[in-house]
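Take UniProt numbering: the last position of the sequence shown gets the number 469, and nothing is skipped along the way. Here a beta-carbon is modelled for each residue, glycine too, at the ideal position from N, C-alpha and C. The structure presented is a predicted model; accordingly, all values stated were derived computationally and were not measured.
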Amino acid sequence: MATNSKRLKLDDGPDDGSSPLQNFLQWCGRVGLKLNHNKVYVSSKGTVADYGMLAKEDIEEGEVLFTIPRSVLLHQGTSKVSARLEQGKESLESSSGWVPLLLALLYEYTCPESPWAPYLSLWTDFSSLDQPLFWSTEERDTLLRGTGIPEAVERDLANIQREYSTVVLPFISKHTDLWNPSTHTLQLYTRLVAFVMAYSFQEPLEEEEDDDDEEEEEEKAPNLPMMVPMADMLNHVSNHNANLEYTPECLKMVCVRPIRKGQEVFNTYGQMANWQLLHMYGFTEPYPSNCNDTADIPMANLYTAATQGIQSDLDRQLVEEKRVLILEMMGEKAAFIFGKQGCLTDMELHTTLKVLCMSREEFQEFRENEGWEEEEEADEEKVSLAFSNEGLPGLKAPWQCLIHTAARLTLDGYGSVEGSKGGVCGDRDRMLVEDKVQLAGLNPRQRRALQVRHGQKSILDRVLVLTMS
């Protein structure tokens with residue numbers, strides 16, 4: 001199977017024509033959402049998630065699987081509360097930009113007369129959402145240590161709490177004819193944030209032709225999330241066979257490569273690593289299916305590597321001066337990203353290694369001559385090749401040493417992990433992935449965390465081997 005479930009949904013119950021799924025499909029017909037009934041159907045059987053889409057017959061590239069009128073999309077502009085949200089838009093500004101959509105969802109989800117009730121009733125209380133946002137702190141810290149997910153979740157939770165208390169609650173308290181603080185609580189708001197994370201879509205911004213009209217550029221509408229019924233029923237794999245296309249009148253799910261009868265129709269959420277899929281959607285692709293998997297080497301680990309073996313305070317100060325200059329040149333880069341084929345942030349890594357390995361005299365000259373202008377003109381193609389898997393073994397020995405040490409420090413950051421069979425670390429993760437019996441004995445959270453850890457460690461292990469000069 002190409003992937004684990006995209007995310008779990010509630011059991012649909014018996015197929016008696018009155019189940020949530022049947023009510024939703026009937027609603028689709030009433031609102032003009034056209035499903036290609038000759039070629040596809042929605043089912044909870046034979047799919048990798050509770051719901052998914054399967055091919056009734058062979059489908060060729062270019063065939064339209066379903067069409068969604070823009071009037072069916074759910075966002076702050078189509079909700080019944082759109083006028084109230086527009087009136088208060090200045091007070092609803094936030095770092096996420098999601099508050100208007102979330103307020104619309106708070107209203108529509110709790111309104112029995114909502115036009116989207118058959119769609120939203122597919123999620124009775126959002127208890128099926130299982131992103132790490134809903135794991136215990138102990139689970140996150142134990143199962144996901146080193147992956148970057150616990151830190152991301154802590155930022156999410158802090159932002160949600162702050163956004164609700166400073167923006168949402170004051171607004172709904174002023175508009176109690178539409179919202180009720182007792183009903184539209186922080187808990188429900190958090191569930192809806194997870195719902196938007198897992199199920200929303202963002203329309204790609206059109207690429208503008210080069211012009212000097214900066215004012216027109218500034219007036220372009222922001223790329224805000226929206227809920228897209230039916231499209232969110234499709235599961236994701238990196239090697240997908242369908243894609244959502246946007247037109248002024250409607251959205252279309254189009255087959256992008258042949259799908260055989262009985263096969264599942266898979267959409268794509270973009271080029272996403274397993275840690276991103278788990279963080280945002282609550283699922284992973286089994287190792288090694290995800291061709292977009294990545295592992296981060298924190299910039300701090302590269303600085304630590306550069307200070308190893310330094311004896312004098314003067315040399316340590318030099319490394320700190322280099323670090324400060326690198327931050328001035330590139331900004332607060334948190335990490336260097338490695339994929340299955342090499343470094344994806346090669347230009348940044350090239351610049352950092354070059355500066356860190358300069359002698360005191362070279363660094364002084366580089367700084368005085370504002371050498372970062374030279375870096376902007378570096379041959380991107382050559383740099384990309386140098387930091388690919390093929391190029392890493394040919395890097396200068398000091399550069400290889402820094403990368404190797406930083407990768408080792410990063411691997412050490414995963415520590416030990418408690419699995420259902422005891423301690424899990426190092427080769428233990430590899431053994432679990434390869435042992436189908438033990439893998440089946442893990443609970444879903446342990447299994448998904450394992451896929452994230454093992455995928456990242458495998459990439460870092462490869463970096464270690466390629467830089468072992």
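Is residue 57 helix, strand or coil by DSSP?
Residue 57: coil per DSSP, three-state reduction.
C-beta atoms of residue 296 and residue 273 nearer than 7 angstroms:
Against a cut-off of 7 angstroms, the Cβ pair of residue 273 and residue 296 comes out as no contact.
Can you tell me whether DSSP reads residue 456 as helix, strand or coil?
DSSP places residue 456 in helix when its eight states are reduced to three.
Straight-line gap, residue 455 to residue 356 (C-alpha atoms, nearest Å):
In this structure, the CA atom of residue 455 is about 29 angstroms from the CA atom of residue 356.
Please report the straight-line C-alpha distance between residue 335 and residue 23, rounded to a whole angstrom.
Roughly 47 angstroms separates the two Cα atoms.
Pull up the distance between the alpha-carbon of residue 298 and that of residue 180, whole angstroms please.
CA-CA distance, residue 298 to residue 180, rounds to 44 angstroms.
Closest Cα partner of residue 50 within the set 448, 31, 291 and 123
When only C-alpha atoms are compared, the closest one is 123.
Alpha carbon to alpha carbon, what distance is there between residue 241 and residue 201?
Spanning the two alpha carbons is a distance of roughly 18 angstroms.
Of all the alpha helix (DSSP H) runs that stay within the bounds of the stretch 90 to 124, which reach a length of 4 or more residues?
Correct list: 99 to 110 and 117 to 120.
For residue 305, name the three-state secondary structure that DSSP assigns.
Under the three-state reduction of DSSP output, residue 305 falls in the helix class.
Measuring straight from C-alpha to C-alpha, what distance separates residue 409 and residue 395?
Taking the straight line joining both Cα atoms gives about 20 angstroms.
Kindly indicate the opening and closing residues of the beta strand (DSSP E) around residue 468.
Per DSSP, residue 468 lies in no beta strand (DSSP E) segment and is marked neither H nor E.
Within 10 angstroms of its Cβ, does residue 40 collect 16 or more other Cβ (buried), or is it exposed?
Buried: at least 16 other Cβ atoms inside 10 Å.
Whole-number beta carbon distance between residue 451 and residue 287, since they are thought to touch under 8 angstroms
Yes, they are in contact, since the Cβ atoms of residue 287 and residue 451 sit about 6 angstroms apart, within 8 angstroms.
Name the one or two DSSP bridge partners that residue 67 has.
Bridge partners of residue 67: 34 and 252.
Local conformation of residue 216 per DSSP, three classes:
Only weak support exists for where residue 216 lies, its pLDDT of 46 falling under 50; the value from the coordinates is given anyway. Note: residue 216 maps to helix in three-state DSSP.
With DSSP as the reference, label residue 62 as helix, strand or coil.
Correct three-state label for residue 62: coil.
Considering Cα atoms alone, identify which of 92, 192 and 151 is closest to residue 505.
A question about residue 505 goes unanswered here, because the residues of the chain that appear run from 1 up to 469.
Near residue 349, what residues of its chain come up, given a Cβ to Cβ distance below 7 angstroms and the 5 sequence neighbours on each side ignored?
Excluding residues within five positions, the ones whose Cβ falls inside 7 angstroms are 336, 343 and 387.
Decide if residue 310 is buried, meaning its Cβ has at least 16 other Cβ atoms within 10 Å, or exposed.
So residue 310 counts as exposed.
Is any beta-carbon of chain B found at less than 7 angstroms from that of residue 461?
The chain inventory of the structure shown lacks chain B, comprising one protein chain alone.
Residue 294, enclosing beta strand (DSSP E) - first and last residue
Start and end: 294 to 298.
Below 6 angstroms CB to CB, which residues in the same chain sit around residue 252 once its five sequence neighbours on both sides are set aside?
Taken in chain order, the residues that qualify are 64, 67 and 245.
Thinking just about the alpha-carbon of each residue, which of 38, 339, 437 and 153 is nearest to the one in residue 58?
Among 38, 339, 437 and 153, the Cα nearest to that of residue 58 is on 38.
Would you mind giving the Cβ-Cβ distance between residue 265 and residue 53, rounded to the nearest angstrom? I have them listed as a contact below 8 angstroms.
The pair is a contact, with the Cβ atoms about 4 angstroms apart (cut-off 8 angstroms).
Buried versus exposed call for residue 69 [16 or more other C-beta atoms within 10 Å across all chains shown]:
By the 10 Å Cβ count, residue 69 comes out exposed.
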